[in-house]
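Protein chains in written order, with the numbering used here: chain A, 85 to 383; chain B, 85 to 383. A virtual CB, placed ideally from N, CA and C, is assigned to each residue, including glycine. See below for the structure under consideration.
The following block contains the structure:
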C-alpha cells in the first residue's frame, strides 16, 4: 500500500461572485493528498517556498500525509489566481506565478521508490520520464494534464498517455485531446491512446469511467451552492487513487467504488474555500456520503 | 391504468452535420406515446392535417396507441424545422408552421375523461384550464413547457405549475424559470412552485429527479454517436409516465425506476432520425437496456 503524488503545493487567490480569498493554501498535490488520506498514507513529491505556512504542513502530517518528498526552497511558493463566474464551471486564470515551481525537477526520496501507484498531477509531460525513472516498478501510473500541455506539448503528452494506466481528464481536456465533441466517443478515443482506465470528469454532472470492456457513471453529489470549485478534480483523483491503493486491485467492482469515493471527496472540496472542508472532515462523514450516493443512484 | 397525452403530432425537418431529413414524422405527442406504449396503452389528444400519412397512424395503433383523441382536420400538419450543430445539445429552430395546430382547442373524448394521468406536452399554459376541465379527477397532472411560454406566458405558466404534480424541464428551461444557475438549486426552486416531482433533463448528462424529501439521478445511456436528438425529452416523459401508469403509485422506488425507463426510452429515440427506432424496438430490448443501466450506475 503506497501512493506517491507528484504535484503542486501552492497558494491560490480565488475570486467568486460571493466572495474572495487571498493566498489561501491550494495546489493539486495538496487537494489530492488530503482526499487520499481518508484511505491511505499518501506521499507527496513537490516544492514550496519558505513563505509556505508551517501550520499547514503540520495539518497535512496530522492527516497522515507523508511530506518527506516536499522540498522547502529559498523563494516564493507557486501562486495561482483565478476567477469563477456565477456558473462555477466557467473559470478564468488571472495570474500564474510559478516561483519555486519554475525550475522544479522532482526528486523522489529513496523510501518512495517502490511505490505501487504513482500519480503525476498536471506535470509537464516532458518531465514524466525523469520522474518515473526514479521509481522501481509501479503497478499503476496515473496522470492528468492541463490545457497548457495539451496545446504546447502535444507530442510528449500523447507519448506519455501510451505508458499510463489511468488518465484523468475533464470534459474540455478530453475534447481537446481527441477532437471528439461527444464525451463517450472522446472517452473511447482516449482509451485507444493507451490507458486502461479513463476518468472523464464532468463537474456538476459527475464523471464517466471508461475501461476496456465497461463504462461506469457516477453523479456529483447534489450541491445547491458551490463555494469554491478549485481542487475538485484533484480531490476526485485523490479519493479515487487513495481508495484503489487501499483496495489493492483494479477489479471493476473496486474501480466503481473508487470512482464514487472520488466524487464523494470532490463534493466536500467544493463546499468551502480552499482545503478548509478537509481539515474538519472525518472518515465517518466520508462513509455517510458514500452511502448517500447509493440512495442517489440505485434503483 | 390510463394515460392521456395532449401534444403535437407533427412533421419535422431535421438538419444535422451528418445528414438531413425532410418532413419526417415527429411531435411531442408522437414520441411520448410511442415511448409510453412499452408499458401502457397511451391515449393521444392532438390534431393533424389531411397530409398526415395514414401509414403512421396505423403504426401507432399497432403499437397500442389509442388515437381516438387525434383529430384529422382540413389543412396541413404542424411542421417544425431545426438544425443541430456538431454538439447536438445546440439546436436552432429554422422555421415553425403551426398550420392546423394554430387554432387547436383540444377536445377530450368521453372515453378519456376518467384518465388517471394527464400529460400536457408543451401546451400554451393559458389553455391548460380548458383541457384539464374536461377530465373528471386525474390522480396525476404532468406538464412540460418550452422557452416560448416561459418568456411570453410567465404568469400563466407559474399558475399552472401550482396545480401540477409532475413537471418536466430541461436545464435551460429550469434556469429560465427560476433564475438559478445551479441545477440543484433550480430543481429545489421548481419544487417550491408546486409540483411534487421535478424531472430535470440534462441531455447527455441524464436527469435529476427532485421530490419532497429525495433527490435521484439517472445517467444517459452512453451513446457514441447521437443521430437525432429530436424527441428525446418527449420520449423520456413517455417512458417515465408510461411506467408510472403501469406501476400504479408514486412511491420513491417506482419513481426511480420510472426515471430510468425515461432515460432508456430517450436513449433509443436519439439513435435514429425521427421515430424510426421505436418502430423496430420491442419490449425485450427496452428491458435489456434497463438492466444495462444497473451495470452503468450501481456499485
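Measuring only between beta-carbons, confirm whether residue i sits less than 7 Å from chain B.
i                      : result
residue 383 of chain A : yes
residue 171 of chain A : yes
residue 265 of chain A : yes
residue 340 of chain A : yes
residue 306 of chain A : yes
residue 275 of chain A : no
residue 386 of chain A : For chain A, the structure presents residues 85 to 383; residue 386 of chain A sits outside this window and is missing.
residue 289 of chain A : yes
residue 349 of chain A : no
residue 334 of chain A : no
residue 154 of chain A : no
Rounded to a whole number of angstroms, what is the C-alpha to C-alpha distance between residue i and residue j?
i                      : j                      : result
residue 343 of chain A : residue 321 of chain A : 9 Å
residue 218 of chain B : residue 191 of chain B : 8 Å
residue 300 of chain B : residue 307 of chain A : 13 Å
residue 153 of chain A : residue 252 of chain A : 23 Å
residue 231 of chain A : residue 100 of chain A : 22 Å
residue 128 of chain B : residue 287 of chain B : 25 Å
residue 272 of chain B : residue 170 of chain A : 18 Å
residue 437 of chain B : residue 355 of chain B : Examination of residue 437 of chain B is not possible in this model, given that chain B is present from 85 through 383 alone.
residue 380 of chain B : residue 330 of chain B : 25 Å
residue 103 of chain B : residue 162 of chain B : 22 Å
residue 358 of chain A : residue 358 of chain B : 48 Å
residue 216 of chain B : residue 202 of chain B : 8 Å
residue 315 of chain B : residue 375 of chain B : 23 Å
residue 332 of chain A : residue 156 of chain A : 32 Å
residue 149 of chain A : residue 262 of chain A : 35 Å
residue 204 of chain B : residue 87 of chain B  : 11 Å
residue 328 of chain A : residue 180 of chain A : 32 Å
residue 166 of chain B : residue 207 of chain B : 19 Å
residue 89 of chain A  : residue 116 of chain A : 8 Å
residue 270 of chain A : residue 281 of chain A : 13 Å
residue 121 of chain A : residue 255 of chain A : 26 Å
residue 318 of chain A : residue 123 of chain A : 15 Å
residue 142 of chain B : residue 94 of chain B  : 15 Å
Going by C-alpha to C-alpha distance, which of the options sits closest to residue i?
i                      : options                    : result
residue 291 of chain A : A:297, A:298, A:283        : A:283
residue 243 of chain B : B:314, B:286, B:196, B:279 : B:279
residue 341 of chain B : A:355, A:323, A:368, A:382 : A:382
residue 337 of chain A : A:297, A:368, A:233, A:304 : A:297
residue 210 of chain A : A:233, A:194, A:371        : A:233
residue 213 of chain A : A:196, A:189, A:195        : A:189
residue 196 of chain B : B:309, B:275, B:126        : B:126
residue 304 of chain A : A:148, A:346, A:267        : A:346
residue 378 of chain B : B:350, B:351, B:205, B:302 : B:302
residue 364 of chain A : A:241, A:193, A:146        : A:146
residue 248 of chain B : B:277, B:133, B:98         : B:277
residue 387 of chain B : B:339, B:193, B:199        : Nothing in the structure corresponds to residue 387 of chain B, since chain B is present only between 85 and 383.
residue 267 of chain B : B:114, B:289, B:339        : B:289
residue 310 of chain B : B:207, B:351, B:193, B:115 : B:351
residue 112 of chain B : B:130, B:339, B:97         : B:130
residue 172 of chain B : B:339, B:313, B:318, B:334 : B:313
residue 34 of chain B  : B:132, B:159, B:168, B:160 : Only positions 85 to 383 of chain B appear in the structure, and residue 34 of chain B is not among them; the question remains open.
residue 119 of chain B : B:371, B:362, B:368        : B:362
residue 285 of chain B : B:158, B:257, B:159        : B:257
Say whether chain A places a C-beta atom closer than 7 Å to the C-beta of residue i.
i                      : result
residue 344 of chain B : yes
residue 283 of chain B : no
residue 301 of chain B : yes
residue 293 of chain B : no
residue 268 of chain B : yes
residue 87 of chain B  : no
residue 380 of chain B : yes
Hey, is residue i close to the ligand SAH, as in C-beta under 6 Å from one of its heavy atoms?
i                     : result
residue 88 of chain A : Of the ligands one can find in the structure shown there are none, so the ligand SAH has no counterpart to examine.
So with Cβ pairs under 7 Å, would you call residue i a contact of chain C?
i                      : result
residue 268 of chain B : Absent from the structure: chain C. Protein chains present are A and B.
>> Please give me, in chain order, every unbroken run of the beta strand (DSSP E) with length at least 3 that falls completely inside the stretch 285–318 of chain B.
In response: Fully enclosed beta strand (DSSP E) runs of no fewer than 3 residues occupy 291–295, 298–302 of the stretch 285–318 of chain B, in order along the chain.
> Does the stretch 165–176 of chain A come close enough to the stretch 184–202 of chain A to have 3 or more Cβ pairs within less than 8 Å?
Replying inline: Output reads no: the stretch 184–202 of chain A does not touch the stretch 165–176 of chain A.
> Are the stretch 215–230 of chain A and the stretch 316–330 of chain A touching by the rule of at least three beta carbon pairs closer than 8 Å?
Replying inline: Yes, the stretch 215–230 of chain A touches the stretch 316–330 of chain A.
> Which parts of the stretch 99–183 of chain A are runs of the beta strand (DSSP E), unbroken and 3 residues or longer, counting only runs that do not cross its ends?
Replying inline: Note on the stretch 99–183 of chain A: whole beta strand (DSSP E) runs with a minimum of 3 residues are 103–110, 127–133, 150–157, 163–168, 175–181, in chain order.
> If you scan the stretch 195–268 of chain B from start to end, which runs of the beta strand (DSSP E) of 3 or more residues do you find wholly inside it?
Replying inline: Runs of the beta strand (DSSP E) inside the stretch 195–268 of chain B: 201–204, 224–228, 250–254.
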